[in-house]
């Protein structure tokens, strides 16, 4: 069995165990919570009830007759209006006679409780009734009953359950990433090094040592191996002295290292970069669900731009800085090596997030977000290059899919956890935490990535000439402008900007917003491998791009049929599915249809330019959405983005039909 | 000449910190012109001012006799105090004249005057508006605005038929009655307004009050309203008793009818607090921080809702429960 298989099985086993343990803990914790919540809820109305009961006592001390008081019903109505949690209020005298009431439901078992001498709180039917004695100068005057919807208890439990399930999902995703890393660091990489060492030995190469910083069996084995290699080399040295010139012919076919050297075999694994990359994406996504709201705190009409546009601006500028940093970051990454480039990128991100947390004005917020974006871009490119260079060419597509899976796993986990954290800690502390996590990512990379320059070809720097050449190529232009850019507009304009604001406006908590946004990443992770398999089998990439585009447009109109939080959730889920279908085949489409142009500028450069132009959509998204919200309100923004996507998808489909007709499918299809 | 400038410079540089102390050493002379003796308002005024500055008070009281006022003003002119305090609209108008018609030979113009317990200084023609009198005059109005009083009356309960009584020779009382009448009528209530019957000199009399009230109370209105009116305040107990015998609750614009007279309710500035506020204005003028014309004519920002619980029980007109949250209860047996 290959180590990869073993790793996968171990990771699944460990994750399953973790899931079971977390689930058990959740269920155990939910039970005491359920019993504790009832008195806790009753306590929440106790203060209000007390003030009413005190007032009635005061009237009695002023010798006003308890059963002839004026304005009590009005007062109770007022209390109910100020405390929407309270569904009814009732004052009965000592004999259970009803004197004053507000919002009383018709419910027989409740009436029984009211006439009896009830105390404390009890759930009766759909109500939680809390009884408070009203004391007068001559003992108890009567009882005040306060009613709450018992369903509120269930609603709170449900909210908590949602949070726990969210944490579970995130924990599983995190555990999977962490397990892969641990497996790679503890099992796969050492075994690979061992195998490599033995293969060399079989060919008579005794010149290299194995890494000695492993624990356990592998560590001991490596130590023995190293000791053996060392003694062999020492003997070789001794032999060389004895034999002199005769040494070389005698030992032909054998290799030893030069005296005083100690070359060590390293095995860099793809998974080494996955975990810190996951951590960094996670840390930056923590703010995804509340970022537009955070920006709202800095807005002032004095900036001279409309509120909606101003709220989207920091996202746009982040995306712009990110896009602009990418080509530059690629060159940097080549020059510095993965380890340093990743660490510096994560370091910049850390500083950017810290400063974001302490921003005072919209201007410095935008500045610090741009800084964060530069660091983020550097890490993104480094991780991408690392994975590409550590995956054999025949498995390049799978490597990229894995890269994207890690990206979306980090992103959705971050968004969900960020919402929960923002609810409990507030916005600024959550940013601080983000900074801490991104620092952790930097430290991880410094510890685990080998200090080694990469041998791969240094990439070309971006030139205007290449960009112009590609843009002059019609299929390239059609794919980028009509498919790639609209996808990104929907991503940032709808998902990152409009959705959090609208969900918040619908009265959702931060946790709920994060949870709903998680749907996008989940859909991508679940559908992407499936779609990739199908697309490779069928080979009709352009139809996938078209279908993805139409599906994205349909997602934006989901709100029309189903308004409210559920509608937005559905729209986000659908958008995730649509992007899983339509986005990854875009690059394949370029390879298929722009062969000559791609060949001229080179595959890597073509991809880079495609990504750069595509990211323009990221920048445009919040600006378009902001302008739409300002003019047509939230729903108008959804429909606007939907119409945009619908139009571009239609034109894309028609353009390809016109450019290539149906027969081009034959050329595109693969055996 | 040069030496004098030098001396001044030296003084201002070296002795500057001592100067306020020197100035403070001088005792200020403040004259109080009153209409019906020393009330809580003057106690608040004098208590406040004494704590802030060394001050001597000269008190003159008209004993509710308007005829004595010109002599009091003439005496003030002769004594030349540093500041004059006047009580009520009548005294203040007599002391400083109206804004439109004032006579420097008769009225005080060169001495700063701080009035207190003036119901409506602008309505009474003392100043063009409340931002400034545009002359050597400032002061405190003790009344809650008529709107607030009307709302307060409504808050207690029914206010469909209102009776209002006032002294025809008291300007503020006439004004206040007219404004409340307008508000009540706008809210759809029927209002009966009567001036107290007067004697030959045009002064209200106790018998006149009794007979006017008898007429007003005949069809048992929801409320009898007593405006801020010196005569009515002096005879509050009689008026309230007559109303309550007829089963009609009384709402008063000032505190004495509720506290001493037994009126059911009232929205008032406590006299003592109004006096302290007037004292604060006097202190600013005396210490040279501001001129009287630079100080606005103020009302207190907070009012007290007074409820006489004894009368409530007697009339069986219980205050709404919500009122007990913030009303000051008067007449309760200590519990």
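Residue numbers (the UniProt record's numbering), protein chains in the order written: chain A, 1 to 671; chain B, 1 to 335.
C-beta atoms are modelled at their ideal positions from N, C-alpha and C, and glycine is treated no differently.
request  = To the nearest angstrom, report how far apart residue 169 (chain B) and residue 77 (chain A) are at their CA atoms.
outcome  = Locating residue 169 (chain B) in the second chain gives position 169, where the first residue counts as 1. Locating residue 77 (chain A) in the first chain gives position 77, where the first residue counts as 1. One C-alpha to the other measures close to 47 angstroms.
request  = Can you tell me which of the three DSSP states residue 192 (chain B) falls into?
outcome  = Residue 192 (chain B) sits at position 192 when you count from the first residue of the second chain. Residue state, collapsed to three classes: strand.
Beta-carbon neighbours of residue 62 (chain A), restricted to chain B and to distances below 7 angstroms = Taking the first chain and counting its residues from 1, one reaches residue 62 (chain A) at position 62. Per Cβ cutoff of 7 angstroms: 309, 329, 332.
ask   = Do three or more CB pairs link the stretch 60 to 70 of chain B to the stretch 83 to 98 of chain B at distances below 8 angstroms?
value = Output reads yes: the stretch 83 to 98 of chain B touches the stretch 60 to 70 of chain B.
ask   = What's the C-alpha gap between residue 115 (chain A) and residue 132 (chain A)?
value = One-based indexing of the first chain puts residue 115 (chain A) at position 115. One-based indexing of the first chain puts residue 132 (chain A) at position 132. Straight-line Cα distance between these residues: approximately 14 angstroms.
key: Own chain partners of residue 371 (chain A) with C-beta closer than 6 angstroms, once the 5 adjacent residues on each side are dropped   = Looking up residue 371 (chain A) in the first chain gives position 371. Closer than 6 angstroms at the Cβ level, and outside the excluded window around residue 371 (chain A), lie 352.
inquiry  = Quick check: is the beta carbon of residue 322 (chain B) nearer than 9 angstroms to any beta carbon in chain A?
reply    = Locating residue 322 (chain B) in the second chain gives position 322, counting from the first residue. At least one chain A Cβ lies under 9 angstroms of residue 322 (chain B).
ask   = Which residue's Cα is closest to the Cα of residue 203 (chain B): B:143, B:80, B:231, B:72?
value = What you label residue 203 (chain B) is simply residue 203 of the second chain in a count that begins at 1. For residue 203 (chain B), the nearest C-alpha among the options comes from B:231.
query = Along chain A, in chain order, which residues have C-beta atoms closer than 7 angstroms to that of residue 157 (chain B)?
reply = The sequence position of residue 157 (chain B) within the second chain is 157, counting from 1. Simply 70.
request  = Answer yes or no: does any C-beta atom of chain A fall closer than 9 angstroms to that of residue 305 (chain B)?
outcome  = The residue labelled residue 305 (chain B) in the question sits at position 305 within the second chain. Not closer than 9 angstroms to any Cβ of chain A, the Cβ of residue 305 (chain B) fails to qualify, so no.
ask   = What does a CB cutoff of less than 6 angstroms around residue 596 (chain A) pick up in its chain, not counting 5 residues either side in sequence?
value = If you number the first chain from 1, residue 596 (chain A) lands on position 596. No residues qualify anywhere along the chain.
ask   = With which residues is residue 209 (chain A) paired in a DSSP beta bridge?
value = What you label residue 209 (chain A) is simply residue 209 of the first chain in a count that begins at 1. Answer is A:264, bridged to residue 209 (chain A).
task = Would you identify the three-state DSSP class for residue 57 (chain B), choosing helix, strand or coil?
result = Here residue 57 (chain B) is taken as the residue at index 57 of the second chain, counted from 1. Of the three classes helix, strand and coil, the one that applies to residue 57 (chain B) here is strand, per DSSP.
query = Does the beta carbon of residue 565 (chain A) fall short of 8 angstroms from some heavy atom of the ligand GDP?
reply = This structure does not include the ligand GDP; it has no bound ligands of any sort.
Three-state class that DSSP yields for residue 110 (chain A) in the structure shown = By 1-based counting over the first chain, the position of residue 110 (chain A) is 110. DSSP places residue 110 (chain A) in helix when its eight states are reduced to three.
query = Within the chosen definition, does the stretch 601 to 620 of chain A reach the stretch 318 to 337 of chain A through at least 3 CB pairs nearer than 8 angstroms?
reply = yes
task = Assign residue 29 (chain B) to one of three DSSP states: helix, strand, or coil.
result = Here the question's residue 29 (chain B) lines up with position 29 in the second chain. In the three-state reduction of the DSSP assignment, residue 29 (chain B) falls in the strand class, which pools E and B.
request  = Grab me the residues of residue 122 (chain B)'s own chain with a C-beta within less than 8 angstroms of its C-beta, minus the 5 sequence neighbours each way, in chain order.
outcome  = Translated into positions along the second chain, residue 122 (chain B) becomes position 122. Excluding positions up to five away in sequence, the list reads 128, 129, 130, 297.
query = Would residue 21 (chain B) be called buried (16 or more neighbouring beta carbons within 10 Å of its own) or exposed?
reply = On the second chain, residue 21 (chain B) is found 21 positions in, with the first residue counted as 1. Its pLDDT being 47, under 50, residue 21 (chain B) is placed unreliably by the model, and the measurement read from it follows with that caveat. So residue 21 (chain B) ends up on the exposed side.
task = Mind listing the chain A neighbours of residue 290 (chain B)? Cutoff is C-beta to C-beta under 7 angstroms, in chain order.
result = Translated into the one-based positions of the second chain, residue 290 (chain B) becomes position 290. Under the 7 angstroms cutoff, chain A gives no residues; its nearest Cβ is about 35 angstroms from residue 290 (chain B).
query = Is the CB of residue 286 (chain A) under 9 angstroms away from at least one CB in chain E?
reply = In summary, chain E is missing from the structure at hand, where the protein chains are A and B.
key: Cβ-Cβ separation, residue 289 (chain A) to residue 419 (chain A) (assumed contact under 8 angstroms), whole Å   = Residue mapping note: residue 419 (chain A) aligns to position 419 of the first chain, counting from 1. Residue mapping note: residue 289 (chain A) aligns to position 289 of the first chain, counting from 1. Confirmed, Cβ separation roughly 4 angstroms.
ask   = Can you tell me whether residue 366 (chain A) is buried or exposed, with buried defined as 16 or more other CB within 10 angstroms of its CB?
value = Translated into positions along the first chain, residue 366 (chain A) becomes position 366. When all chains shown are included, residue 366 (chain A) counts as buried.
query = By the 10 Å Cβ neighbour count, where 16 or more other Cβ atoms means buried, how is residue 561 (chain A) classified, buried or exposed?
reply = Position 561 of the first chain holds residue 561 (chain A). It counts as exposed.
inquiry  = Given a cut-off of 9 angstroms on the beta-carbon distance, is the pair residue 295 (chain B) and residue 144 (chain B) in contact?
reply    = Reading the second chain from its first residue, position 295 is the one you call residue 295 (chain B). Reading the second chain from its first residue, position 144 is the one you call residue 144 (chain B). Not a contact, by the Cβ cut-off of 9 angstroms.
Outcome for residue 363 (chain A) when other beta-carbon atoms lying within 10 angstroms are tallied against a minimum of 16 = Against the first chain, residue 363 (chain A) aligns to sequence position 363. By the neighbour-count rule (16 or more Cβ atoms within 10 Å), residue 363 (chain A) is not buried but exposed.
query = Contact check, residue 210 (chain A) vs residue 197 (chain A) under 8 angstroms by CB: the rounded distance?
reply = To locate residue 210 (chain A), count along the first chain from 1; it is residue 210. To locate residue 197 (chain A), count along the first chain from 1; it is residue 197. About 5 angstroms separates the CB atoms of residue 210 (chain A) and residue 197 (chain A); that is less than 8 angstroms, so the two are in contact.
request  = Would you list the residues sitting across from residue 308 (chain B) in a DSSP beta bridge?
outcome  = On the second chain, residue 308 (chain B) is found 308 positions in, with the first residue counted as 1. Note: residue 308 (chain B) sits in a beta bridge opposite B:330.
key: Expected contact under 8 angstroms - CB spacing of residue 119 (chain B) and residue 141 (chain B) to nearest Å   = Along the second chain, read from residue 1 onward, the residue named residue 119 (chain B) stands at position 119. Along the second chain, read from residue 1 onward, the residue named residue 141 (chain B) stands at position 141. 6 angstroms between Cβ atoms; contact.
query = Between the Cα of residue 379 (chain A) and the Cα atoms of A:357, A:413, A:344, A:402, which residue gives the shortest distance?
reply = What you label residue 379 (chain A) is simply residue 379 of the first chain in a count that begins at 1. The option with the nearest alpha carbon to residue 379 (chain A) is A:344.
key: Inter-residue Cα distance where the pair is residue 477 (chain A) and residue 206 (chain A)   = Translated into the one-based positions of the first chain, residue 477 (chain A) becomes position 477. Translated into the one-based positions of the first chain, residue 206 (chain A) becomes position 206. Near 55 angstroms, if we compare the C-alpha coordinates of residue 206 (chain A) and residue 477 (chain A).
inquiry  = In whole angstroms, give me the CA-to-CA distance for residue 656 (chain A) and residue 403 (chain A).
reply    = As a working note, residue 656 (chain A) is residue 656 in the first chain. As a working note, residue 403 (chain A) is residue 403 in the first chain. Distance between residue 656 (chain A) and residue 403 (chain A), taken at the CA atoms: about 30 angstroms.
query = CA-CA distance, residue 173 (chain A) and residue 409 (chain A)?
reply = Numbered from its first residue, the first chain carries residue 173 (chain A) at position 173. Numbered from its first residue, the first chain carries residue 409 (chain A) at position 409. Approximately 7 angstroms between the Cα atoms of the pair.
request  = Excluding the 5 residues preceding and the 5 following residue 50 (chain A) in the sequence, name in chain order all residues of the same chain whose CB lies nearer than 8 angstroms to its CB.
outcome  = The residue given as residue 50 (chain A) occupies position 50 in the first chain. 132.
inquiry  = Let me check understanding here. Comparing Cα to Cα, which of A:659, A:554, A:492 lies closest to residue 622 (chain A)?
reply    = Counted from its first residue, the first chain places residue 622 (chain A) at position 622. The shortest C-alpha separation from residue 622 (chain A) is found at A:492.
query = Where does residue 508 (chain A) fall in DSSP's three states?
reply = Start at 1 with the first residue of the first chain, and residue 508 (chain A) comes out as number 508. Coil.
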